[in-house]
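In case it helps, mature numbering (1 follows the signal peptide of the UniProt record, and there is no 0) puts the sequence shown at residues -28 to -1, 1 to 1018.
C-beta: ideal position from N, C-alpha, C; glycine also.
All values reported here derive from a predicted model rather than from experimental measurement.
As structure tokens, the structure follows; a few thoughts come after it.
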Amino acid sequence: MCRNRNTFLRFGLCALLFSAVFVPFLSAVPAAAPAGESEAYAELYAAYRGSFYPGVVRAAKEFETRYPRSILLPEVRVYAGESLFRLGRISEAEPMLTEAAAVFSETNKKDRFLKGTALYWLGRVSYSRNAFDRAAQEFSRSAALLAPEAKESVYAEDSPFFASLRYGARSCLKTGNAAYAAQAVPVLEYLWRASLPSGVFSETTVMLFAAYRACGSYDALIRAFGQLSLQSVSADVYGTLALQAAEAFTVKKDFSNAYSVYAGVVRTGVPSQAVIALQRAWELPLSADGSERAALLTDAGVRLHEYPQFLAEFRTRLGTDGFGRKNYRDAEADFTLSKQYLEAVSPSPDIRFLQTVNALYLTEIRFRTAAGVSEAARSESKRNGAVLSEAALSEAAAAAYAELSAFTASLEADSGVSADPMISAQLCRYACLSGNWKAARAHGSAVLSSAEQSLNDPLRTDTAYWYALAEMQSGNGAEAVRLLETYAFAANPAAETIVAENNAAENIVAEASYRLYANALFSSGQTDRAFTVYEKLSAADLLGGAGTLDYAKAALRAGMNARAYELAAGVSDDAEAPYIAALASINRRDWQTADTLFSVYLAEASDPLPYALFYQGYARYLLGRAEQAYASLTAFSAWNPSHALSLTADRIAAVCAVQMHQHVGASDTAWIGKAVGLAESIVKRSEAGAERESAVLFAAGVYDDAGAYEAALDLMKPYLSRQSPFGMNCRYRSALLLVKRKQYDEADALFADVERSFPTESLAEDASYRRGESYYTAEAYETAAGRFASYRRTYPRGKYADAASYFGADCFARIGQPDQAILLYESLLSSFPASTFAYGSLSALIPLYREKGEYAAALRCARAVLQRYGDQVEKSELSRHIAELELLVSGAAERTAVKLVEFEAAGKTSTAAGRKAGVELGELYLAAPATAPDGAALLEKIYTAVKKPSSGADSFAERDIAARCAYLLGTWNRAGGNYAEAAQYFLSAAEYYTLLDGELSARSLYGAAESFDSARRYADARRTVEVLRETFPDSVWAARAAAFGN
């Protein structure tokens, strides 16, 4: 909180630690003084006890003159210094107290008391001179000296110790320094906990709260306030402290508690403080509905009746808030209460202003809530810049005009002051809305001629609109133009300068001024300027109604589809608007919006245009809503079968029918029947030439979708011999159909004919590739390889070149030509590194290279897959392949490499799976002389691991591992001539195999006997043979071991 506590805090806290009893050391007759001196001292002391301070000063002066070397002189100076201070002779008191304080020691009780007293009065001297920092230090030192003689926690009014603490705290606060304030906090908290008289407690509490605030200890202030009761201090003090506590809650952003405390002051505090609490509570971020403010203001109205203007202001503010939330009922009640409060206040400019505001809001609320006047009607009235013809709106506006006029007349009669321009502006508006053009012009003129209003004042700008509207409706278009240019947009009078920046989006009247300006220009014959303004208004989205729709049609014809949609979609009062917006959406390829808008148009328009059905069907088709699209398109064709768009509609409808057939399933032939019927109808109705050719190809496609391949082939058969693009398409499509019928050789012949007859056509390349693709589909891989090779020779950089290489390579791999496959895959990767077939090629190369023993090449491909496609492949599997290949590249055998990777992947010897793989790996190592020592070391490590008690060697799996390790190690040691060690391993193997495999156990015993015999340990060999015969008497190994040990 505050770092430097080495002055008052050090001494003050020190003083609080003592609990000795305060005993004054003053006496009438000091024991050590001579008689005459004692009498002089007694006279002085009597005057001091009697508070006769002039007598004390006089006696002290005489005493010092007569007894300049007296031991009582410092004490006399203390009394004299205090008396001089009390007499207001501060400049004389200071040196006397300073001299006295300097003499006393701090080891003697009486000296400490006298020195503490002298320092206390020196502190009072500094305090009186506003030297608060010095005073704080002197009071601190005084408290520290007086503390041992003070009674524990018991406040005494005449105690210098408590006086020093109080004045010390005051001095710290008076400095205005946060560090000093922090030093005062523990002292004040000590005093606050003491048994203080009521007045001292109030003063201490006030100082404590002030100290908390000064050093920002808001949490401590809040806790202290929570411990404070209303009965412990006076009401005004409690109110002051409550305001500070609420302020602390606000700083902590605990607005709920801040509001509660403020509300308490409003309800129970003294009126002057309740006023402050209400003002501060009002500014808190409370609920959006303003319920807290309303409740608080209701409570305040009961207690603050002597502040009617204050209550009126806040009721007006509350009403304004409610009006902004469109809570007109509560707002009306608030403005009415404000009006009542103001009736008790003497008239003044401020009061008249409040009365005017109340009247304006009350009138507007009653206008808005009048029967039959909807919010939509009011908004439309403003948005179109014209007066609604509805009688309800006109009647409500007329009533509002009459009410506000009556208030104006009353105000002028009472005060002799003309109506505020705000009233005239509103009267102008109401007059316009009620069609009273003459009155509107009069009020508008009054506002615009008012010298109080600046040229760009919003009040004047808004009024200019209504005034200009009145002039326009009165046939004065030129005057309307002048009014708008002069007042509504005075800074930019020319039509060409009206841009979006002039728009005040929150002010509907300001927007209407621009539209009215365009209308007035046109009305006054300024057509070119009017059209310029219409364009700018359209760009600024300031047109409305029919004007916007007209401009939207023009924008649509000009290809401004986005603007056309934006403008038409903003019109809600014209049935044609959705149709225009839907057409714009079609051009913008926004099919969903187009479908929605056409549906709205067809549902709401009294006589909709049939074209809407065609465009709606087209949009639905592109949205994938086949059934709905079919309904719309066939309805359009039925309306006019001979229309130019009818064939197009039937084509799309046929496609939709095919889609529906595919959706419901092949077993349902209704939809495919509809599709075929439409296709045949299109062929019949089409004219000879290009239209007929297109119809034939379309119908063939429908037959194809229907699975009627024979019908499609028959339809195109008459045109196969044509040497034209149409004939080419018929051959190509027929070939595709033959592939579906698995007539691959016939299809190949037609594809070859297309490629040969039309070599420059793009379809020739497609046909060349399809030749290979069709045989690949038929699994005729050798033929397919040849066709793909032919394509690559003809189109080395063709659009299917990478695909032809990939599938050609796969064909070679399948027919047992890996070298050719590798060559093609590598060629693809080199020529088309970004191809979608690159991943497949790299993946295919890995096993091809590995099977050929080219491990480095396989490793290169595997690493390339990981680097390029690591996020698309199974990394663990690929990593295993890479690890195996790395071992193979380093010279490891295939089986050894695979087993080593398996061993490491399984966790080596730390897991059962790893140990099992390790045994197999060790056996492979033992098979090769170069790696045999490594194998023995690995087996020994595994054997040691499974022999540990915690390894689970008692399980069959682990016993098997231990047995295999022991047997392999016995075999390896026997081969190396370590017969004795080999015998021990064989014996261990026999023990482990006992529960697993009797034959292997017998074999292990045989190995032990043989090893003992080779080591010339014949006795051990004979015992082993005996065990073998007893345990496995029928085993072949028992018979073979008969010769050992002899």
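- For serine 976, the three-state secondary structure derived from DSSP is helix.
- DSSP places glycine 95 in the uninterrupted alpha helix (DSSP H) bounded by 81 to 100.
- With respect to alanine 484, tyrosine 523 sits apart: the two C-beta atoms are not nearer than 9 Å.
- When C-alpha distances from lysine 712 are compared across Phe698, Gln695, Val50, Ala680, the shortest belongs to Ala680.
- The C-beta of glutamate 659 has fewer than 16 other C-beta atoms within 10 Å across all chains shown, which makes the residue exposed.
- Put simply, the backbone Cα of serine 496 is about 41 Å away from that of tyrosine 300.
- Distance from the Cα of alanine 904 is smallest, within the candidate group Ile914, Glu930, Asn945, for Asn945.
- Shown here for glutamine 631: same chain residues with a beta carbon closer than 6 Å to its own, the five before and five after excluded, namely Ala598 in chain order.
- In the displayed model, serine 422 falls within coil according to three-state DSSP, outside both helix and strand.
- Cβ-Cβ distances below 6 Å link serine 42 to Glu9 in the same chain, with the five nearest sequence neighbours on each side left out; the list follows chain order.
- The continuous stretches of alpha helix (DSSP H) do not include proline 768, and DSSP gives it neither H nor E.
- Pairing valine 205 with leucine 168, the inter-Cα distance amounts to about 12 Å.
- When DSSP states are grouped into helix, strand and coil, serine 693 belongs to the coil group.
- For arginine 185, the enclosing alpha helix (DSSP H) stretches over residues 170 to 186.
- Serine 544 sits in coil when the DSSP states are folded into three classes, being neither helix nor strand.
- For serine 167, the secondary structure class from DSSP, reduced to helix, strand or coil, is strand.
- In this structure, alanine 672 lies away from lysine 714, with their beta-carbon atoms at least 9 Å apart.
- Remark: C-beta atoms of leucine 456 and alanine 442 do not approach each other more closely than 9 Å.
- For lysine 656, the uninterrupted alpha helix (DSSP H) run begins and ends at 642 to 657, by DSSP.
- The Cβ neighbour count for serine 77, taken over all protein chains shown within 10 Å, is under 16; the residue is labelled exposed.
- Going by C-alpha positions, alanine 752 is about 14 Å away from alanine 761.
- When rounded, the separation of the alpha-carbon atoms in glutamate 745 and alanine 756 is 7 Å.
- Between the alpha carbons of arginine 867 and leucine 857 lies a distance of about 12 Å.
- Burial is judged here by how many other beta carbons sit within 10 angstroms of a residue's own beta carbon; leucine 202 has fewer than 16 and is exposed.
- Within the same chain, and ignoring the five residues on either side of alanine 980 in sequence, the residues whose Cβ sits closer than 7 Å to its Cβ are Ala955, Phe958, Leu959, Ala962, Thr996.
- Rounded to whole angstroms, the gap between the alpha carbons of threonine 212 and alanine 267 is 22 Å.
- Of the candidates Leu200, Gln216, Ala372, Gln216 places its Cα closest to the Cα of alanine 186.
- Considering only Leu493, Phe57, Ser618, Met532, the residue with the shortest C-alpha distance to leucine 605 is Ser618.
- Annotation: the continuous alpha helix (DSSP H) that includes serine 799 extends over 790 to 803.
- DSSP places histidine 635 in the helix class (H, G or I) of the three-state scheme.
- For threonine 606, the uninterrupted alpha helix (DSSP H) segment begins and ends at 598 to 611.
- Counting the other CB atoms within 10 Å of its CB gives lysine 87 a total of 16 or more, which places it among the buried residues.
- Per DSSP, the unbroken alpha helix (DSSP H) holding phenylalanine 339 starts and ends at 321 to 340.
- Residues of the same chain with a CB within less than 7 Å of the CB of glutamate 54, apart from the 5 flanking positions on each side, are Trp93 in chain order.
- Residues Lys87, Ala90, Leu91 of the same chain have their beta carbon placed closer than 6 Å to that of alanine 73, with the five preceding and five following residues left out of the count.
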